[in-house]
Structure formats: structure tokens, C-alpha cells
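Student: Before anything else, here's the structure in question.
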Amino acid sequence: MPVADEQQMERPQDGGKRRFWPRRWRTRIATGAAVAALVAGSVTWMSRERIAGDVIDDYLDRNGVPATYDIVAIGPREQVIENLVVGDPARPDLTVRRMVVALGVGWAGPELRRVTVEGARAFGSYRGGRFSLGALDPLIFTDSAEPPALPAIDLIIRDGRALVESEFGAVGLALEGAGRLDDGFDGTLAATAPGVGVDSCRVERATLYGKLTTKDGAARLDGPLRIGNLACGTARLATAATGTELTLARDFSGADGAFRVGGQKLRFGETIAAKVAGSAGLTWRDEGLVLAHDLSLSDIAAPQGRIARIEAEGAWRGALTAERGQWDGQLRARGLAPADDLAASLVKAERGLEGTLLAPLLSQARGNFTRALTGADVTANGIIRHKGSEVALIIPEANVMSRGGQRVLALSQVSGSLGAAGITGLRGNVIAGGAGVPQINGRMEQEPGGAWALRLAMAEYSAGGNRMAIPRLSLRQLPGGGIRFDGVATASGEIPGGRVNNLAIPVEGAWSNARGLLAGTRCLPLSLSSLELGGLALRRQNITLCPEGNGAMVRYRDGLTLAARSGALRLVGTLGESPATIAADSLRLRYPAPFAVDGLTARIGAEGSEARLFAASLTGSFQDGLSGAFEGGTAQLDAVPLVLGDIAGRWSFAEGALQIGETAFVLSDRPAAGGAARFRPLAARGANLTLANNAITADAILRHPGSGRAVADVRIRHDLDGAVGQAHFSVPDLAFDEQLQPEDLSYLAKGVIAFADGAVTGSGQIDWRGDAVTSSGRFRSNGLDFAAAFGPVRGLAGEVVFTDLLNLTTAPDQIVRIAAINPGIEVTDGTVRFEVSEGRFLSLEDARFPFMGGTLDMRPLVMDFSQPEERHYVFEITGLDAATFVTQMELTNLSATGVFDGTVPIVFDKDGNGRIEGGLLLSRAGGGNVAYIGELTYEDLGTMGNYAFEALRSLDYRQMSVGLSGDLAGEIITNFDFDGVRQGAGTSQNFVTRRLAKLPIRFKVNVRSENFYELATMVRSFWDADYLGNPVDKGLLKAENGRFVPVRRNPPPDQSVQPPESESQP
């Protein structure tokens, strides 16, 4: 079996090669098929009339073919030639080891009967579109007008070989066979071509082994063509075997061929087909060529998925030179299987969109696409026309059909051209939908300038309660290859923490390799019919967003960037069942930088029961959840007369809940219009607030700003649906001392209570429903000391119940115990029954104290602390025992008896200055005695003076009155009036005293003092010189007209301290 051996066919030396243009293409094909095997026979056939020995030389000389040979034998019937060399002997174009020509005599004379060729070697070339056999070209490419045909001679060829070299590589040929060349030749042709091809497409190994026969003037080749390791661009084919059946026309004007193709491991980029199979047919007529095919690829794998089988059936028709032609055919792909990686990437995208309407839409579309494409078929009809460098593509129809027979994707009327100007005339329609996938219609057209434009629309696609549609979207090619898009999308469904309905979003921007994605390059209006977010429901809204600066609102290249802003916003809706309004001065949406809202205001609830929230600045980020910070905030409820100010802290929003933490604020009183504040501001740090399920909960510890002392622990809950809520607070153990006083907590305490020392505990609660507010509380102290307007109070203890804590209103008949109170005279161990209303009115219903053996009662009164006023206190003294009075006042040198009753009115003016007006104590019937039991140390004061002191040593009286008047903080004038006086036991008596005793005696004593204690001190010092020393010597007293009066540094205007009638008595 002959095999082409390239190594054995190498020329002995390099040499020049001659090139001849073929005069006729058909002659070139016919002669090339016979080549060296028929050279000798052709010479004999064309010279059949010459049988002489020099015929071959004459023929070669006439055609300019240099050749040498050895004539072994020449006879009438057979000629034997050996060692034939054609061309340059150093580099021959043909060599024949032995050639035997058998001759015969026919009707026309001698004729060629048979040619036997042994050991023929031919060398040819194909370069620049020219085929050449070197020195043999004049014999092959002749000017004969006769149609080419295979000669009617018998040919026996043994060990025939040829080598054809070209710019594509070298092809080695081997031929053996025998028979009449035009009818009956039977031989074997073998070819090998190692490394043949061009730079962009080359085969490592190609072989052909077939049976070469002739019949009725036509040659036929039947055998396999095998190739190994074909590489064309990114395409790779490991092995292929093609069964070849090729028949050449009798006149070499055409050919018919049939090919059976089989291959392994076809690779195109990352796409691999395990097998290639099919058939092809070739028809060549004159200048036309038809290539029909029915090919298939099996088990195709790509990153996007797998395809069980791809079939391509069609035909290419065109010129033999392939300068023009047209391919018509049909493609069909069966058994699609999307890649798991594609589904995994979509699942990852879904996770990133969890909580939004896009997640269920993408999930449903992914699942339906996967089911629709799994096992789907693809069919497409196509036409490709080409002429020169121009190529036109037409796809009348292409469809992707699900396994169930539903159309998933369709292309129609797609056409376009590719040439020197690039892609032109591109147009076509696309339809997607069915099998639960989004319904999309699109149309692509190429504009006159060459840029293409795509217009598409997506019908509403829904998954559960989530819907999305793209009413219009246009994409247009930009110079440089970028894409500009413009359209609008509508959506309804879930968003983090809520839902949006009928959201209309303009889609506008551009994409390019250089800049990536740019969306929102101009101001765009957004609209929605409703928005639900954490119980907040907003009605129809329109918002305009603009890019910050001159850029785009959305950028995506190496990462996502947002930079958008809005003007003033006002959103109206409801929160739960309550009306709500949200407004902002401006909004700046940013990512990854924090977004910012300035002048954010929220008003929740009906008029009169609104909750108002404000933040001067709010920032937030979408990284690690939706969270941020705010400052400059205020909050208040219409129903609650309190306001939070200077709020600052952090916030977060997740799973429908708004969390506010690490918050600081100042709680202030919010008085009614025209009213004054009652409470001083309190501060809080580390407060927390949660808005979830249409309810607000909060907790904070309120502190006095100056001292930082905890005043109350507050817990708040407010249900937005019914505007119902409560605030509970507890006062753990609030201590009053030098750092904290009641007036530091309430303005109402100023001027009412001061110098407090002690602790208060208690709790309170504020409840509201709509605009109705109630509050209550209980507070107690086990011992509180303080100074009041009416004097110091010590040891106040008890519990006070408030029925309206916000308005500082207590229940009636509140009772507290007081260890001591001193409105001028200290009283101890009393009880006070009172009631407070509206934080301004104090109703003292009863105040009772044990007093000097009797009782001290305060008459009921009502005080208004909301404004300066003159206040009147009337103390009723009942059963005051004189002996007890002397003892408690420590008047050790005096003794007294008698029981007194009376009243002491005390008046405080608007400035808080107190005075006694018309105080009067009267002794009860029976009178009493006042006696001095110490020693007198004063010098002789004269007759009347000595008489007075002797009489005062023991004085019985029938009636005694004590008048009190004067300033509590200044001079108090006390008038002692003794009536029915006579000497008592133990006094000195003489003639004068006995005579005077028969006269009606009345003593009137006026004493000036700074207070009651000074009064008692002065009275005691009258007789006890050691107690204060001599008041006259100390300049504290002086004698005037027989009376002792205090020495005043700034004497008041002259006035008499005794009534005139007391100055001249008989």
C-alpha cells in the first residue's frame, strides 16, 4: 500500500523554480491530475504517428523541456526508457526510474496501447494562487482548444510519488494503480500534510487515503481524510475523520463530492463539544460551487451551561473563488441545561436584595427560566451573504422553546451587514416570555450615522404581591462603543421594613468601558401612589432627585457610588391610624459615603394630639444595615406638656423597627400659651427609643444638669394606632443638699422653699389617649428640712398623692407631719392638712401644733404661688399656759401663771417680707401672777422706779393682754397690759405700798425687739444681770422718762410707744 513519504521526496539541492500561468483553468486541473504519471504516455499519445527513436527528443525540444533519459530498448511494439530526468538535473521537477511504452497498430496506424511507470517522483509548488510543476508546465498548460479529458490509454504506475510545496505547508502524495485512464483505472492515492495551514488556522497533522478510479471519462476518489489537532483562532479540534467521495467531471469542468464527518473534542474558547459528526456534499460546476452540510455537535459544555446536541443544516452557494456567495441554513440546539454557576450567582444577587421587591421577582424569574431552559430547544433560520469583504446576515426567525413546547425567546426579521464601515443596517425584533418568565418586546434598528438603537418594553411581571414593569426603555450606541439608555420603570412590592406601590422611576444614563455605568445624569422625577414603612403609610408623592454637582446619581465601575440630592420634601400619610406628615429641607443620598437629611420634621397624629419630631441633621449609611446618627433634635406630644430638646444620638432600621440609642436630650416643661414654665430642664444620657409595630417605647434616666444627680428613671410607651400611651417614672432616693435644691427642679419652688435637706422617693405615671391626659404620683419623705416663707421647717414627713401630677394637683386632705416650724415662735410636733391644685394654689385646710401647754392652729387659707401676692396667715392660740411659756423661753428668774387665748396674724408682702399685724393674747378669767424670783442688781432708780420694781417682784393681775406687731425680720413691738394689778405674795410692803395698793393700778409695758427670742432675752435680762450683762452698760437699753427702751442705730420717726392716756393717770 503506497504511502506518501515527504522525506523521500526531498530534492537533492535547492535551485531556481520556473513559474508559468495556466492558459486555461480546466487544462490546469486535468493535467495536474495526470502530472508525472502520464508524461511519457502523453508524449507517446501526441506523437503516436512517430515511432522513431528521436520522437521524444524532438517533442521535448519543441516545448523547451530540458530532459535526459536512457533508452534501454526501442522496438516496434515496446520502448523502454530509464533514468528520465526533467528539468535541472541538480534539482529536477520529475524523475522516472523506468518507463515502458507498449505500442500497437490500429486502423489509423501505430498507436499507444499501454504505459508502465515505475519509481516516478514529481515536485510541484503552489504559491500566490499559482500551481506549477516546473519544467513540465509547457507540456501541461498548452494553448489547445480541445476540451481537456483523460487520455484513453492504459497506465500502470508503481511507486509514484509527488511533493507539492506552498505557503500553507507541504503536501506529500503517493499513487499506485493500473487501468485505462479514462475508464477503468483502479488505484490508491495517499496524501499527508504535516503542519499545513496559515497563522490563524493550522492543522498539526492531515492525511488522506483513498481509492482512485475512473469510469466513463470521470475520475472518482473514495477514502477518509483525517486530521489531528486543528487550531483556528480560539477553536480547537482534537481529531476528525472525513469519509470522502469525490467525482471529477469528464472535462474537468466540475466535481461532485460527498463527505462523512466525524470528530472529537471540538473547543471554541471555553465551549467544548465532545463529538462532531455529520455529512457534507460538494457540487462544482464551471465557476460555481455548492457546499451542502448536515453537521452536529454533541455534549457541548460552556460556562453558561450545557447543550446535548447542536445541528446545523444548510448550503453555501457561490463562486469557485469564494469572492461571493450565500449560505442558507437552519440551526437547532437540543437539551439545554443552564449552568449551576449562573443559578448560584442569581441566588447570591437575591440574597443581596432580600427584603426588597426585587428578591421575589428575581427568585421567581430565576426558577422559571431554569425550568424553561432545562431541556429546551433552540431553532434558527439564517442567511449569510458575502461579496468581497462585505457580509450580510439575515435571521428571519429564531426561537427558544421550553421542554413543554412554550416559546421562551424569539428573534425575527434580524438583519445587518459587516464591512469596511463596520456593522451597518442592524435591525430586528426580540420577544421574550412564556413559561413564567418576564414578557419583553424589543426592536433594534441602526440609525443613519451607524449607531444602533434598541427600544424595548417589559410587561408587568409579578411574584406574590410584588410587581415590576418597564413601560419603555431605549438604548442607543454612543461614539466609541458606549451605550446610552433612557426610560422608566414601575414597581410595587416589598422594601426593607415596608412596601411601596406604583413607584415610577426614570431610568437614564450611559455605559462605556472607559467610565462604567452612569445613571441619573439629570434631575429626574420619582412618583409613588403609596409607601408603607414600619407602620408609616404615605399617600401619593412626587419627588425630584438631582445629581450632586455635574456628575451622575449612580456610578458603577469598580464599585457602586450614589450621589443624589433633592430639594424640600413634604410627605403626607398615616402612621398606624394616625395622620402623619414628614418634611425635610433637603435630602442627600450617598453611597458608600453617608446620606444626609437636613431639617427633618415628622408630625404624627390628629391636631391637638400630635407627636412632633425634628432633627436638624440626620446622617446614615447602607453599609452594615441601615443606620446613622442625628443631632439637633426635638420631640413632643401635644397631649403631654413636656418637650425633649437638644436630642442627639444614633439610629438604626432593621426588620421594620427603628432603633434610637446612645441618645442624649434635655427634657423641658412646655407651659400653656402665655403661661410660665413650672419645671426646670432635666438632662438624659444613654437613652433608648424603639419604633416598631406602630408603637414607640423609650427609657431614660433624667438627671439634674448641674449636679448630674439622677432625678427619675422614665419608661415610656406610645401606641400610634390609637394615640394611647403612658410614661412611668420612679424617683429612687432623691437627696436635697447644697448641690441640689427644689428650686433647681421647679421654678415654683423659688421663694416658697429653700435650704432643703433630706431625701424624697416616689413614683408617677402619665397616661394619654388622644388629647386626653391624666397623670398621678406618690412621693414621700421620712424627714425633710427646709426654709419656707413663713419660717424654717424641720422634719417634714409623710406621703403626698398627686391626682394630676403634670399640673401639680394633689388629692384633698393630704397630711404631713412636721417636727418643728418657726414662723416667729417655734412650734413642734404638728400636722398639716393641705391640698395643692394646678401647681399654683396651696390650700392649707388645717395646721395644728402643741404650743406652750395649749395648741396653735392656722386658720384655713389659699395661697397662689403663680404670682406675687400679699399672704395672710392667722395663727390661733388656745390655752397657752404662762408657766409653760416662761419655762420654754428659759426665763429662769420669772414665774408666771395664767392661761391665754388669742390670735397672731402674720402678713407677707409680695416681696416676701413678713410682719405681725394686731396680734393679741388675752388671759382667761381669773387672771394670774407674774413674779420675779431672782435678785435685783440695779442701782437706785428713784422713788417711782424702786416702787415699780418692788411691785413687779410679785404681781397679781386680773386681766392681762399681750399685743404683738412689727416686722418679723425687723423690729417687733410687744405691748404687755396688766389690769387689776396688786402686789402678790413675797413683795415688800410699807406705808406707801399699802396706800398705793388701794388705788386702781394698771401697768403697760412696751418692748421693742428683733424677734421673740430677743424679747425673751430682754425680759430675762431685766433681772438677771449675768445673763447678758447690764444692757444699759452695753448700750442696748437706755432710760427715758423712767422707761427702758432699746437703742436703735437708725431711729424711726418719733412715735409714742404708749397710748397718751397711759401717760397722765391720777
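Our numbering applies: residue 109 is where the sequence shown begins, and numbers increase by one.
Where is the CB? At the ideal position from N, CA and C, for every residue including glycine.
If you're wondering where the values come from, they're calculated on a predicted model, not measured in any experiment.
Measuring CA to CA, which of G331, R793, A314 and E312 is closest to T321?
Tutor: The count along the sequence shown starts at 1 and reaches residue 321 at position 213. With distances taken between Cα atoms, T321 lies closest to G331.
Student: For S694, which beta-bridge partners are listed by DSSP?
Tutor: On the sequence shown, residue 694 is found 586 positions in, with the first residue counted as 1. DSSP lists D706 as partners of S694.
Student: Can you tell which of L583, I1014 and L697 has its C-alpha closest to the C-alpha of E1025?
Tutor: For this step, residue 1025 is matched to residue 917 along the sequence shown. Checked all of L583, I1014 and L697; the closest Cα to E1025 is I1014.
Student: Name the one or two DSSP bridge partners that P1013 has.
Tutor: As a working note, residue 1013 is residue 905 in the sequence shown. Paired residue(s): V982.
Student: So if DSSP puts D972 in a beta bridge, which residue, or which two residues, is it bridged to?
Tutor: Within the sequence shown, residue 972 is the residue found at index 864, counting from 1. According to DSSP, D972 bridges with F949.
Student: Count the other C-beta atoms from every protein chain shown that fall within 10 angstroms of the C-beta of W215, then say buried if there are 16 or more, exposed otherwise.
Tutor: Walking along the sequence shown from the start, residue 215 turns up at place 107. Answer is exposed; the Cβ neighbour count stays below 16.
Student: In terms of DSSP beta bridges, what is H494 paired with?
Tutor: As a working mapping, residue 494 is identified with position 386 in the sequence shown. Under DSSP, H494 takes part in a beta bridge, and its partners are G433 and V499.
Student: By the DSSP assignment, the alpha helix (DSSP H) with A467 in it spans what residues?
Tutor: Numbered from its first residue, the sequence shown carries residue 467 at position 359. Taken as a continuous stretch (DSSP letters only), the alpha helix (DSSP H) holding A467 covers L466 to L481.
Student: According to DSSP, which residues form a beta bridge with A671?
Tutor: By one-based count along the sequence shown, residue 671 stands at place 563. Its beta-bridge partners are R698.
Student: Look at the alpha carbon of G987 and the alpha carbon of D1009, and state the distance between them as a whole number of angstroms.
Tutor: Sequence index remark: in the sequence shown, residue 987 carries index 879 (1-based). Sequence index remark: in the sequence shown, residue 1009 carries index 901 (1-based). One C-alpha to the other measures close to 6 Å.
Student: By the three-class DSSP mapping on this structure, what secondary structure does F376 have?
Tutor: The residue labelled residue 376 in the question sits at position 268 within the sequence shown. In the structure shown, F376 sits in a strand (DSSP, three-state: E or B).
Student: Decide if E718 is buried, meaning its Cβ has at least 16 other Cβ atoms within 10 Å, or exposed.
Tutor: As a position in the sequence shown, residue 718 is number 610, starting the count at 1. When all chains shown are included, E718 counts as buried.
Student: In the DSSP assignment, the alpha helix (DSSP H) including P614 goes from what residue to what residue?
Tutor: As a working note, residue 614 is residue 506 in the sequence shown. Note, P614: premise wrong, no alpha helix (DSSP H); beta strand (DSSP E) at G606 to S620.
Student: Using DSSP's beta-bridge definition, name the partner residues of T350.
Tutor: Mapped onto the sequence shown, residue 350 falls at position 242. Answer is L333 and V369.
Student: Quick check on DSSP: helix, strand or coil for G242?
Tutor: Counting from one through the sequence shown, the residue named residue 242 turns up at place 134. If DSSP states are grouped into helix, strand and coil, G242 belongs with the helices.
Student: How about G741 and F761: are their beta carbons less than 8 Å apart?
Tutor: To locate residue 741, count along the sequence shown from 1; it is residue 633. To locate residue 761, count along the sequence shown from 1; it is residue 653. The answer is no: Cβ separation not under 8 Å.
Student: Tell me whether F957 sits in a helix, a strand or coil according to DSSP, three-state version.
Tutor: One-based indexing of the sequence shown puts residue 957 at position 849. Reduced to three states, the DSSP call for F957 is strand.
Student: Say whether the stretch 458-474 touches the stretch 482-496, bearing in mind that this needs 3 or more beta-carbon pairs closer than 8 Å, one atom from each stretch.
Tutor: no
Student: Between which residues of its own chain and L1030 is the CB-CB distance below 7 Å, once the five residues before and five after are set aside?
Tutor: Working through the sequence shown from its first residue, we reach residue 1030 at position 922. So the list reads F1008, D1009, G1010 and S1069, once near-sequence residues are dropped.
Student: Which residue wins for smallest C-alpha separation from T939, given the options P958, A529 and A339?
Tutor: As a first step, residue 939 is located in the sequence shown; it is residue number 831 there, counting from the start. When each option's Cα is compared against that of T939, the closest is P958.
Student: Does DSSP put L1123 in a helix, a strand or coil?
Tutor: Residue mapping note: residue 1123 aligns to position 1015 of the sequence shown, counting from 1. With a pLDDT of 48 at L1123, under the threshold of 50, the modelled position of that residue is not reliable, and no figure is offered here.
Student: Where does N650 land, buried or exposed, given buried means 16+ other C-beta within 10 angstroms?
Tutor: In the sequence shown, residue 650 corresponds to position 542, counting from 1. N650 should be labelled exposed.
Student: List the whole-angstrom C-beta distance separating E284 from I261, where the pair is believed to meet the contact cut-off of C-beta under 8 Å.
Tutor: As a first step, residue 284 must be located in the sequence shown, where it is residue number 176. As a first step, residue 261 must be located in the sequence shown, where it is residue number 153. Wrong, their Cβ atoms sit about 17 Å apart, outside the cutoff.
Student: Quick check on A806: buried or exposed, where buried means 16 or more other Cβ atoms within 10 Å of its Cβ?
Tutor: To locate residue 806, count along the sequence shown from 1; it is residue 698. Buried is the call here.
Student: Suppose you measure from the CA of L745 to the CA of F837; what does that come to, to the nearest Å?
Tutor: Within the sequence shown, residue 745 is the residue found at index 637, counting from 1. Within the sequence shown, residue 837 is the residue found at index 729, counting from 1. When rounded, the distance between both Cα atoms is 17 Å.
Student: Of all the CB atoms in chain B, is at least one closer than 8 Å to the CB of N1114?
Tutor: In the displayed structure, chain B is absent; only one protein chain is listed.
Student: What is the rounded straight-line gap between the Cα of A791 and the Cα of D821?
Tutor: As a working mapping, residue 791 is identified with position 683 in the sequence shown. As a working mapping, residue 821 is identified with position 713 in the sequence shown. About 12 Å.
Student: Quick check: M966 and L952, are their CB atoms within less than 8 Å of each other?
Tutor: Translated into positions along the sequence shown, residue 966 becomes position 858. Translated into positions along the sequence shown, residue 952 becomes position 844. Cβ distance < 8 Å, so M966 and L952 count as in contact.
Student: Looking at G533: is its Cβ nearer than 8 Å to the Cβ of S523?
Tutor: Counted from its first residue, the sequence shown places residue 533 at position 425. Counted from its first residue, the sequence shown places residue 523 at position 415. In contact: G533 and S523 (Cβ atoms closer than 8 Å).
Student: Of the residues L677, R630 and D777, which one's Cα is nearest the Cα of G657?
Tutor: Along the sequence shown, one-based indexing puts residue 657 at 549. Out of L677, R630 and D777, R630 has the C-alpha closest to the C-alpha of G657.
Student: Between the alpha carbons of D989 and G1027, how many angstroms are there, rounded?
Tutor: Counting from 1 along the sequence shown, the entry for residue 989 is found at position 881. Counting from 1 along the sequence shown, the entry for residue 1027 is found at position 919. When rounded, the distance between both Cα atoms is 17 Å.
Student: Quick check on the DSSP output: the alpha helix (DSSP H) that includes V908 runs from which residue to which?
Tutor: Within the sequence shown, numbered from 1, the residue matching residue 908 stands at position 800. V908 -> not in any alpha helix (DSSP H); beta strand (DSSP E) instead, spanning G899 to D912.
Student: Could you check how far apart the C-beta atoms of Q434 and R425 are, in whole angstroms? I think they sit under 8 Å.
Tutor: What you label residue 434 is simply residue 326 of the sequence shown in a count that begins at 1. What you label residue 425 is simply residue 317 of the sequence shown in a count that begins at 1. Indeed they touch by this definition, with Cβ atoms about 6 Å apart.
Student: Unbroken beta strand (DSSP E) runs of length 3 or more, entirely within the stretch 773-819: which are they?
Tutor: 790-800 and 803-811
Student: So, for P789: in the same chain, excluding its five sequence neighbours on each side, which residues have a beta-carbon less than 6 Å away from its beta-carbon?
Tutor: Translated into the one-based positions of the sequence shown, residue 789 becomes position 681. V774 and S776.
Student: Quick check: L646 and L639, are their CB atoms within less than 8 Å of each other?
Tutor: Sequence index remark: in the sequence shown, residue 646 carries index 538 (1-based). Sequence index remark: in the sequence shown, residue 639 carries index 531 (1-based). Result yes, Cβ atoms of L646 and L639 sit closer than 8 Å.
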